[in-house]
Structures are given as C-alpha cells and as structure tokens.
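J.: Numbering of the sequence shown is given in our numbering, commencing with residue 1208 and proceeding in unit increments.
Note that CB positions come from ideal geometry on N, CA and C, so glycine has one too.
What you are looking at is a predicted structure, and each value in this text was computed from that prediction instead of being measured.
Mind having a look at this structure? Questions to follow.
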Amino acid sequence: MSETAGLTDEERNFFLAVNQAVLANPFSDARASADLKITGFLTDVSPGELIERVVSEVRQKIAGLEKSGRADLKKFSGKDREILTAAFLFEIFYFFLERFDQLILDQIHHGVKPLKVAFAAHVLEFFRKRGFDAAESMHYFSLCFQLRRAFYFIDRSLVGRSPCMKKLRENLWNNVFTCDLNLYNQYLWPRMEDFSTLILGETGTGKGAAAMAIGQSGYIPFDEKTGCFSESFTRACVALNLSQFPENLIESELFGHQKGAFTGAVDDHKGIFNRCIPYGSIFLDEIGEVSIPVQIKLLKVLEERRFSPVGSHREHRFEGRIIAATNRMTDAGGRLSGMRDDFFYRLCSDIIEVPPLCQRIGEDPGELDDLLAFTIEKITGGPSPGLLRMTRKIIADQVGKNYPWPGNVRELGQCVRRILLKRTYKGIFQKTGDASASGIMTDMENGSIDAKNLMKQYCRLLYGKYGTYGEVARRTGLDRRTVKKHIKDASDETASALRL
C-alpha cells in the first residue's frame, strides 16, 4: 500500500487556481481570471503569451512534486487528490495539445474512417505515470480529445470579437459540457442524448455552423485495441434541411422507409435517425416548417427514443442527440408559432440565439474586419491585407457603415465574392425596398410603402444603427417583442431576394 502524501498550503492554493482554470468555460471571464491568478496577475502580455506562462507555471509546480516523489495520484486522498486530478489533466492536455490539433486536421482530411492515434500509447502511459488507473486513463484521454475538438470547432467556426459572439461561444461550450465540467465528468458525459437543443436566429446568421460545432464536439471513447477513437467525429453530426422536402417525403427522410411502402419506394431507405452514430447528433434545420403530424412523431422519438420506418412496424432505437434550428422567433409567451407546445418544450432543453450581423457590428465595428479577413482567407487560401483594404473601402463607399446586412453573414460572404468579381456591391434592397433613410423617404414620397412595411423598415434601419432591440424599442415606443418581429420579418423579406 502506497504511503499517503499531502500538499502544502502554498501548493494547495496554487493547484486550486489550476482546478478553477480546468473547470472554467474557456470562452468565459472566469477562465481569464483563473489564468491571471496562476501567473500572479500578469497583465502586460497577450492572451497567447498568458496561456504559455500558465502552462509553464503548472509544469514547474508539478516538477516540484516529482522531486519529492509526490507526482502520483495514488499517494493522495480526499480533496488533495481531487485538486491534483485536475492539475495532472491540465498538464497532460497541454503537453499533447499540438498533437491533438494535428489529429483533428488529419481526421478532417481523412474523412469517415477513424485514424490510428500514433501518440495514444504515450498519452496513456503519461496518465498511468501520474497515478490514473487504466479505465481512468482511457476516459480522460477521450475527454481531452473532446475538450480540444470543442474548442477548435467553436473558436474557428464562429469568428467575432463582439460581446454577443463571445456570449454565443460561451453558450455553445456550456451546451456541450454544461456550466459545470465536474458535473459533466461525473454524471452526464454518456447521457447527453437527453439534452436536445433549439437554435434560433435570422436567415444567414450561422445557425448551421453553431449546430455543427456542437455536433462534432461530442464525447467519443478511445478503443485501445484498435488504437483509434471508436468513431470519426466527421460522422458525428448528420444534417437535414427539412424545408428541402415535400410533406410526403419528410417522414421518409427522417425515419427511413421499407421497400414498397409507397409508390417509388423501390428499395429500403435509411432515414437520418438510422444514420446517426452512437454519441452522435442529428441537426434538423428549419424545424419550424414541419407539419403537426410530423411534430407528433418527432415528439415520440424525443420522449421514447424509438421510431419506425415508413411502412414498417419494427421499432428502432435512436441513441443520438437532437439539435434543431429555425429562423422563427419566440413570441411574448416564449412559444414558436406553428409549433405544438409539448413538442417545443421537449425540444428546448437549451435554447441558443445566434445574433444577426448588424447587432454584432453595432456592438463592435471591428467585427466587420474580422469577418472580411476570415472570408477572404477562406476564398483565396491565405491572408490578403490588400484585398481586405479594397473590400472594406468598397463596402464603406457603396453601402455605408449603417447598412443593416439583412442576409447576415451569408450575404457578407457573397458581398465579398461580388466585389472580387466586379469591384462593386450595392446591397440587396433595390428589389425589396431600401432600408436606408433615403430609401424609406423615397418610398414614402412615391406612396409605394404601406404602414406595416414602413414600420418594419424603420425598425430595421434603427437596429442597423444602434444594434440592440431595446434601443429600437425605446426610440419607437414599441415593446421589445414587436420590434424583434418587425426586424425579423424585414430580414426574411430582403434575404429571400438574395438568391445566395
């Protein structure tokens, strides 16, 4: 039996700060505060340099434990063991950080077949050296890879420095791990399929990117026998846009069908629920457009986790998580129009709102430059400061800083492409009613706008200028819900003309 050791008061206080850093949401102020505490409140460095200093401090402290023969969990019990579990997890996570990142990139390139993890034996040996048993080593290795994937996809898929985007990234992380990583690690990591998610946002805001960031960040266990994670995360989220299918085919796409179930069903067909892997998710886009009968069948899947293909009485079990999205917004009572209350309540374990582009730019004008740089790099394959300057100038000269971007980030992407093609972008209001002040005045003088559309366009104009529903409500004398509806309606009408 190993001799029991303990931490000194100074060591305990230091590793408690490390524990706080491990448990904190990396997109939150709490993580930044914990990092500052670990480094002795070092403030004159960049975020990247701060993390490097934190990692260095932790390694030095653990090296001190090694010198005294105490860098082993088996030598500790109680609170000290709990604190050091998090500290060793931090140490190992950052030691293999670059290799986790390379594994993510390699798996994206490789596709659906799980890759051999060349450094797996090294990771597992490191865990065992620190006193973790075999089962704990396997679990924490899987958790480390999940943590890194979640950060990778949330951070890189959702660009933006504005407060509302920072909050979105924080919310997405909590959706994957809850707001308490200890709770997730002790109880919930194998049970997240019961937590369905509803993503709300205007057309073109990036709801799909948010959904995929969640879907590709689920826990996937490592299989030591094969040397691979049990599934490729590239298969972990299966998407279906429900608005693409006529009513008579939606059930087949969702649940599958049996050969001969209807005219044209010449073979068996697996629906999206059958294609979802264990620990995976399905993303149902445009959930607000499905009929009541389909909602009832989806409700059964949510409640009982069972479904039957069209034309079959055989029941199948669904083991994944449901993520749904709609561009409809909740009413004053918190409900979605056209959606059954019982379905809505069962669907929304979590509700995440993706902010419109005009709000993001209104909160921080620098967000536009971030998005332009991201889009240009995606199109051209690398950074291009010259193209960024040109694009920014054309936008400023031709649509102005108060342009409301009714098509949101989707429109911005096409704006950049049009500028690269033609060196011009005039916006999308020519055919749908100009939401600029001069455009609204012209429509009024011509008698070509009714009161309802006038209010919609005016709310949209104010929103583009001030960036918050509350400020628009204050200036118009309307309640916040009405303002939100007017802005959404105006956005949908203009976005439908984008043809993007």
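(1) Taking C-beta to C-beta, are Phe1297 and Val1252 nearer than 8 Å?
(2) Just to confirm my understanding: we take Gly1261, look at its own chain, exclude 5 residues before and 5 after, and list those with CB closer than 8 Å. What are they?
(3) Classify Asp1576 as helix, strand or coil using the three-state DSSP reduction.
(4) Determine the extent of the alpha helix (DSSP H) in which Ala1296 is found, giving its start and end residues.
(5) State the Cα-Cα distance for the pair Phe1221 and Arg1306, rounded to the nearest angstrom.
(6) What residue does the beta strand (DSSP E) around Val1445 start on, and which one ends it?
(7) Helix or strand or just coil, what does DSSP make of Lys1323?
(8) Rounded to the nearest angstrom, what separates Ile1299 and Phe1490 at their Cα positions?
(9) Curious, which full-length alpha helix (DSSP H) runs of at least 4 residues does the segment 1311-1363 contain?
(10) Whose C-alpha, out of Glu1493, Ala1212, Asp1236 and Glu1409, is nearest the C-alpha of Pro1613?
(11) Put Thr1639 into one of helix, strand or coil per three-state DSSP.
(12) Would you list the one or two residues that DSSP bridges to Ile1406?
(13) Among residues of its own chain, excluding the 5 on either side of Ile1647, which ones have a beta-carbon nearer than 6 Å to its beta-carbon?
(14) Given Thr1582, which residues of its chain have a CB within under 7 Å of its CB, disregarding the five upstream and five downstream residues?
(15) Between Pro1485, Glu1652, Asp1236 and Phe1339, which has its C-alpha nearest Phe1283's C-alpha?
(16) How is Phe1514 classed by DSSP in three states: helix, strand or coil?
(17) Locate the beta strand (DSSP E) running through Asp1492, then write down its first and last residues.
(18) Would you report the Cα separation of Tyr1676 and Leu1685, rounded to the nearest angstrom?
(19) For Arg1277, does the three-state DSSP call read helix, strand or coil?
(20) Please report the residue range of the alpha helix (DSSP H) in which Asp1236 lies.
(21) Based on Cα-Cα distance, which residue from Ser1364, Glu1510 and Leu1627 lies nearest to Arg1721?
(22) What is the C-beta distance between Leu1257 and Leu1388, in whole angstroms, given that I count them as a contact (C-beta under 8 Å)?
(23) Contact check, Ala1293 vs Arg1337 under 8 Å by CB: the rounded distance?
(24) How many angstroms separate the CA atom of Arg1535 from the CA atom of Val1606?
(25) Between Asn1609, Lys1600, Gly1541 and Ser1544, which has its C-alpha nearest Gln1566's C-alpha?
(26) What are the boundary residues of the alpha helix (DSSP H) that Tyr1152 is part of?
(27) What three-state label does DSSP hand Phe1429 in the structure shown?
(28) Helix or strand or just coil, what does DSSP make of Cys1622?
(29) Check whether the Cβ atoms of Leu1506 and Ile1479 sit closer than 8 Å, and answer yes or no.
(30) Take His1520 and list the residues in its own chain whose beta-carbon comes closer than 6 Å to its own, dropping the five residues that flank it on each side.
(31) Distance check for Cys1483 and Leu1331, CA to CA, integer angstroms please.
(32) Here's the rule I'm using: 16 or more other beta-carbon atoms within 10 Å means buried, otherwise exposed. How should Tyr1670 be labelled?
(33) Would Asn1455 and Asp1492 qualify as a contact pair, given that the criterion is a beta-carbon distance under 8 Å?
T.: Well, looking at it:
(1) Counting from one through the sequence shown, the residue named residue 1297 turns up at place 90. Counting from one through the sequence shown, the residue named residue 1252 turns up at place 45. Contact annotation: Phe1297 and Val1252 have beta-carbon atoms that are not nearer than 8 Å.
(2) Here residue 1261 corresponds to residue number 54 of the sequence shown, with the count starting at 1. Sequence check: residue 1261 is Val here, not Gly. These residues qualify, in order along the chain: Ala1228, Asp1242, Ile1245 and Thr1246.
(3) Here residue 1576 refers to the residue found at position 369 of the sequence shown. In this structure, Asp1576 counts as helix in the three-state DSSP scheme.
(4) The residue given as residue 1296 occupies position 89 in the sequence shown. The sequence as given places Leu at residue 1296; Ala does not occur at that position. Per DSSP, Leu1296 belongs to the alpha helix (DSSP H) from Gly1285 to Phe1302.
(5) Your numbering for residue 1221 matches position 14 in the sequence shown. Your numbering for residue 1306 matches position 99 in the sequence shown. A straight-line Cα-Cα distance of about 27 Å links Phe1221 and Arg1306.
(6) Counted from its first residue, the sequence shown places residue 1445 at position 238. Run containing Val1445: Cys1444 to Asn1448, per the beta strand (DSSP E) assignment.
(7) Along the sequence shown, read from residue 1 onward, the residue named residue 1323 stands at position 116. Reduced to three states, the DSSP call for Lys1323 is strand.
(8) Counting from one through the sequence shown, the residue named residue 1299 turns up at place 92. Counting from one through the sequence shown, the residue named residue 1490 turns up at place 283. Approximately 33 Å between the Cα atoms of the pair.
(9) Counting whole runs of 4 or more residues, the segment 1311-1363 contains the alpha helix (DSSP H) stretches 1327-1336.
(10) Numbered from 1 along the sequence shown, position 406 holds the residue referred to as residue 1613. For the options Glu1493, Ala1212, Asp1236 and Glu1409, the alpha carbon positioned closest to that of Pro1613 is the one of Glu1409.
(11) As a first step, residue 1639 must be located in the sequence shown, where it is residue number 432. In this prediction, Thr1639 scores a pLDDT of 41, lower than 50, which makes its location untrustworthy; no coordinate-derived value is stated.
(12) By one-based count along the sequence shown, residue 1406 stands at place 199. DSSP output for Ile1406 lists Ala1532 and Ile1559 as bridge partner(s).
(13) Locating residue 1647 in the sequence shown gives position 440, where the first residue counts as 1. Only Gln1664 meet the Cβ criterion.
(14) On the sequence shown, residue 1582 is found 375 positions in, with the first residue counted as 1. Cβ contact annotation for Thr1582 (same chain, cutoff 7 Å, sequence separation greater than five): Leu1619, Gly1620 and Val1623, in chain order.
(15) Reading the sequence shown from its first residue, position 76 is the one you call residue 1283. Out of Pro1485, Glu1652, Asp1236 and Phe1339, Phe1339 has the C-alpha closest to the C-alpha of Phe1283.
(16) On the sequence shown, residue 1514 is found 307 positions in, with the first residue counted as 1. Reduced to three states, the DSSP call for Phe1514 is strand.
(17) Along the sequence shown, read from residue 1 onward, the residue named residue 1492 stands at position 285. Annotation for Asp1492: the continuous beta strand (DSSP E) segment containing it runs Ser1488 to Asp1492.
(18) In the sequence shown, counting from the first residue as 1, residue 1676 sits at position 469. In the sequence shown, counting from the first residue as 1, residue 1685 sits at position 478. Distance from the CA of Tyr1676 to the CA of Leu1685, rounded to the nearest whole angstrom, comes to 10 Å.
(19) By 1-based counting over the sequence shown, the position of residue 1277 is 70. Coil at Arg1277, not helix or strand.
(20) Sequence index remark: in the sequence shown, residue 1236 carries index 29 (1-based). Element bounds for Asp1236: Asp1236 to Ile1245.
(21) The structure shown has nothing for residue 1721, since the chain only spans 1208 to 1707.
(22) For the purposes of this step, residue 1257 is taken as the residue at position 50 of the sequence shown. For the purposes of this step, residue 1388 is taken as the residue at position 181 of the sequence shown. Not quite, the Cβ-Cβ distance comes to about 20 Å (not below 8 Å), so this is no contact.
(23) To locate residue 1293, count along the sequence shown from 1; it is residue 86. To locate residue 1337, count along the sequence shown from 1; it is residue 130. Not really, about 12 Å apart at Cβ, beyond 8 Å.
(24) Against the sequence shown, residue 1535 aligns to sequence position 328. Against the sequence shown, residue 1606 aligns to sequence position 399. C-alpha separation (whole angstroms): 27 Å.
(25) For the purposes of this step, residue 1566 is identified with residue 359 of the sequence shown, where counting begins at 1. It is Asn1609 whose Cα lies nearest to the Cα of Gln1566.
(26) It is not possible to answer for residue 1152, since the shown part of the chain is limited to 1208 through 1707.
(27) For the purposes of this step, residue 1429 is taken as the residue at position 222 of the sequence shown. Phe1429 falls in the strand class under three-state DSSP.
(28) Along the sequence shown, one-based indexing puts residue 1622 at 415. DSSP places Cys1622 in helix when its eight states are reduced to three.
(29) As a position in the sequence shown, residue 1506 is number 299, starting the count at 1. As a position in the sequence shown, residue 1479 is number 272, starting the count at 1. Not in contact: Leu1506 and Ile1479 (Cβ atoms no closer than 8 Å).
(30) Position 313 of the sequence shown, counted from the first residue, corresponds to residue 1520. Non-local beta-carbon contacts of His1520 in its own chain, meaning distances under 6 Å to residues more than five positions away in sequence, are absent.
(31) For this step, residue 1331 is matched to residue 124 along the sequence shown. For this step, residue 1483 is matched to residue 276 along the sequence shown. Rounded to the nearest whole angstrom, the C-alpha separation of Leu1331 and Cys1483 is 29 Å.
(32) On the sequence shown, position 463 is the one that residue 1670 refers to. Buried.
(33) Residue mapping note: residue 1455 aligns to position 248 of the sequence shown, counting from 1. Residue mapping note: residue 1492 aligns to position 285 of the sequence shown, counting from 1. 8 Å or more divides the Cβ of Asn1455 from the Cβ of Asp1492.
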